[in-house]
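Undergrad:
Residue numbers (our numbering): 4 to 224.
(1) Under DSSP, the alpha helix (DSSP H) around residue 188 begins and ends at which residues?
(2) Could you give the DSSP three-state label for residue 203: helix, strand or coil?
(3) Which residues mark the beginning and the end of the alpha helix (DSSP H) in which residue 168 is found?
(4) Beta-carbon within less than 6 Å of residue 133's beta-carbon, same chain only, minus the 5 sequence neighbours each way: which residues are those?
(5) Tell me which residue opens and which closes the alpha helix (DSSP H) that residue 66 is part of.
(6) Quick one, are the C-beta atoms of residue 148 and residue 203 less than 7 Å apart?
(7) By Cβ distance, which residues of its chain are closer than 7 Å to residue 176, with the 5 residues on each side in sequence left out?
(8) For the alpha helix (DSSP H) that contains residue 24, what are its first and last residues?
(9) Determine the contact status of residue 62 and residue 124, defining contact as a CB-CB distance below 7 Å.
(10) Could you tell me whether any non-hydrogen atom of the ligand MN is closer than 6 Å to the CB of residue 173?
(11) Between residue 161 and residue 218, which are expected to be in contact by the criterion C-beta below 8 Å, what is the C-beta distance as a whole number of angstroms?
(12) Hey, could you find the ends of the alpha helix (DSSP H) residue 197 is sitting in?
(13) For residue 6, which option in 55, 66, 41 and 53 has the closest C-alpha, if you only look at C-alpha atoms?
(14) Can you list, in chain order, the residues of its chain with a C-beta nearer than 7 Å to that of residue 69? Leave out the 5 residues immediately preceding and following it.
(15) Would DSSP call residue 150 helix, strand or coil?
(16) So, under 8 Å CB-CB, residue 138 and residue 195 are touching, yes? Tell me the CB distance rounded to an integer number of Å.
(17) Out of 81, 18, 127 and 142, which one is the CA nearest neighbour of residue 216?
(18) Since residue 159 and residue 181 are thought to touch, with beta carbons under 8 Å apart, how far apart are those beta carbons, to the nearest angstrom?
(19) Pull up the distance between the alpha-carbon of residue 198 and that of residue 183, whole angstroms please.
Given below as structure tokens:
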């Protein structure tokens, strides 16, 4: 309870929960980083939100029998972050299975070692974040990716050409869409070819441009 927390921390009795959270933001970020093993910035909305909710939960559940409040809060935050990461990993592995079912093979040397599998999951998380700014999700990509090998390979080849043109990639990131008419003129392809695979093409361009190593290895196989 808040009263017990304020007593334990020797803080003014009129301090609110929001003030407590704000004043202990470095502690919350450090508690998250201790679990994830990486720096957490204020831009990391999801993990930071989970950590803040964990801190708030610790305030609600705390009493003097639980020892020092910050030690207790660290345990609660850590537990919530671990649960969040497990849920995310389950989601990612489910998405990987969907990709495999669609014929988008990701089975390569990057899956042979646990640490490399973690790299792949991390890159997929980054790809998810990138494509979300274009208005679609990993699930959309899975559902709309080319099913035929020849069509898929043609889309990959076109993506590689686009990724080598700074004018095109700059336009894509700025406007959040492909410069279709310019691509048609530059590479002598039809609009239909681009439009039917545009989400896949955008994703491959991002993978190449951001140098997502494990995913680059996947698409080039």
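Each residue gets a CB set at the ideal place from its N, CA and C atoms; glycine is no exception. None of these values were measured; they are calculated from a predicted model.
TA: Well, looking at it:
(1) Taken as a continuous stretch (DSSP letters only), the alpha helix (DSSP H) holding residue 188 covers 183–190.
(2) In this structure, residue 203 counts as helix in the three-state DSSP scheme.
(3) If you look at residue 168, you'll find it isn't in any alpha helix (DSSP H); DSSP assigns it neither H nor E.
(4) The residues are 209.
(5) Segment: none, residue 66 is in no alpha helix (DSSP H) and carries neither H nor E.
(6) Against a cut-off of 7 Å, the Cβ pair of residue 203 and residue 148 comes out as a contact.
(7) Residues of the same chain with their beta carbon placed closer than 7 Å to that of residue 176 are lacking, with the five preceding and five following residues left out of the count.
(8) Its alpha helix (DSSP H) spans residues 20–26.
(9) At the C-beta level, residue 62 and residue 124 stay beyond 7 Å of one another.
(10) The ligand content of the structure shown is nil, which means the ligand MN is not present either.
(11) Contact check for residue 161 and residue 218: beta-carbon distance about 17 Å, past the 8 Å limit, so the pair fails to qualify.
(12) Start and end: 194–198.
(13) When only C-alpha atoms are compared, the closest one is 66.
(14) 75, listed in sequence order.
(15) Looking at residue 150 - three-state DSSP - the assignment turns out to be coil, as it is neither helix nor strand.
(16) That pair is no contact at about 21 Å.
(17) The residue with the shortest Cα to Cα distance from residue 216 is 127.
(18) At roughly 15 Å, the Cβ-Cβ gap does not stay under 8 Å, so residue 159 and residue 181 are not in contact.
(19) Between the alpha carbons of residue 198 and residue 183 lies a distance of about 8 Å.
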